[in-house]
Amino acid sequence: MLQYIQVSSRSRNELIDITDRVEDLVRKSGVSSGICHLFSLHTTSGITINEGADPDVRRDISRFLATLVPVDAPFAHGEGNSDSHVKSSLVGVSETLLIDGGRLLLGTWQAVYFCEFDGPRTRKVAVKIVADR
Ligand code: ZN
Numbered sequence: 122m123l124q125y126i127q128v129s130s131r132s133r134n135e136l137i138d139i140t141d142r143v144e145d146l147v148r149k150s151g152v153s154s155g156i157c158h159l160f161s162l163h164t165t166s167g168i169t170i171n172e173g174a175d176p177d178v179r180r181d182i183s184r185f186l187a188t189l190v191p192v193d194a195p196f197a198h199g200e201g202n203s204d205s206h207v208k209s210s211l212v213g214v215s216e217t218l219l220i221d222g223g224r225l226l227l228g229t230w231q232a233v234y235f236c237e238f239d240g241p242r243t244r245k246v247a248v249k250i251v252a253d254r
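Under our numbering, think of the first position of the sequence shown as 122, with each following residue one higher.
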């Protein structure tokens, strides 16, 4: 079963916590044990898992990526969003999570983030939930 989560970003660079929305799809699927694969259908975004308790962590990640890949670096691509493309490849566009007991298996402090690198935009994340046989 393939489903989608629509994400609306408000800034050019932003990490958006989508944990509850993914959990919702897992709960509705009725799968108690299996995997949940997330795939962002864009070239200037990413998916990552990191701390969800302290919002400073997501800000630090955004800021550090901006320092690592400056928007005004001498890129060849003419759209003005080459930094966004590079960040997308650095972070990656997918994550695979485990489902255990009908819930995502996450550490106490872990959250699932959609990473916007060229917002604000409306984005789509494909979600594939597969049950154990
Ligand atoms: Zn581009």
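Even glycine gets a Cβ: it sits at the ideal position worked out from N, Cα and C. Values in this document were obtained by computation on a predicted structure and should not be read as measured data.
Shorter than 8 Å, the distance from the beta carbon of residue i to the closest heavy atom of the ligand ZN, or not?
i: HIS206; result: yes
i: GLU172; result: no
i: ASN134; result: no
Could you name the residues of the same chain whose beta carbon sits closer than 6 Å to that of residue i, not counting the 5 residues immediately before and after it, in chain order?
i: LEU218; result: CYS157, LEU225
Which one or two residues does DSSP pair with residue i in a beta bridge?
i: ASP221; result: SER154, ARG224
i: LEU186; result: Partner(s): none; LEU186 has no beta bridge.
i: VAL128; result: ARG244
i: GLU135; result: GLU237
i: GLU216; result: LEU159
Among the residues of its own chain, which have a CB less than 8 Å from the CB of residue i, if the five just before and after it don't count?
i: GLY222; result: SER153, SER154
Excluding sequence positions up to five away, which residues of its chain have a Cβ less than 7 Å from the Cβ of residue i?
i: ALA257; result: There is simply no residue 257 to check, as the chain begins at 122 and stops at 254 in what is shown.
i: ARG242; result: SER130
i: ASP239; result: ARG133, THR165, ASN202, SER205
Cβ contact (3+ pairs, closer than 8 Å) linking the stretch 171 to 178 and the stretch 242 to 253: Between the stretch 171 to 178 and the stretch 242 to 253 there are fewer than three C-beta pairs closer than 8 Å, too few to call the two in contact.
The stretch 192 to 205 touching the stretch 137 to 150, judged by at least three CB pairs closer than 8 Å: Here the stretch 192 to 205 makes no contact with the stretch 137 to 150; the two share fewer than three CB pairs at distances below 8 Å.
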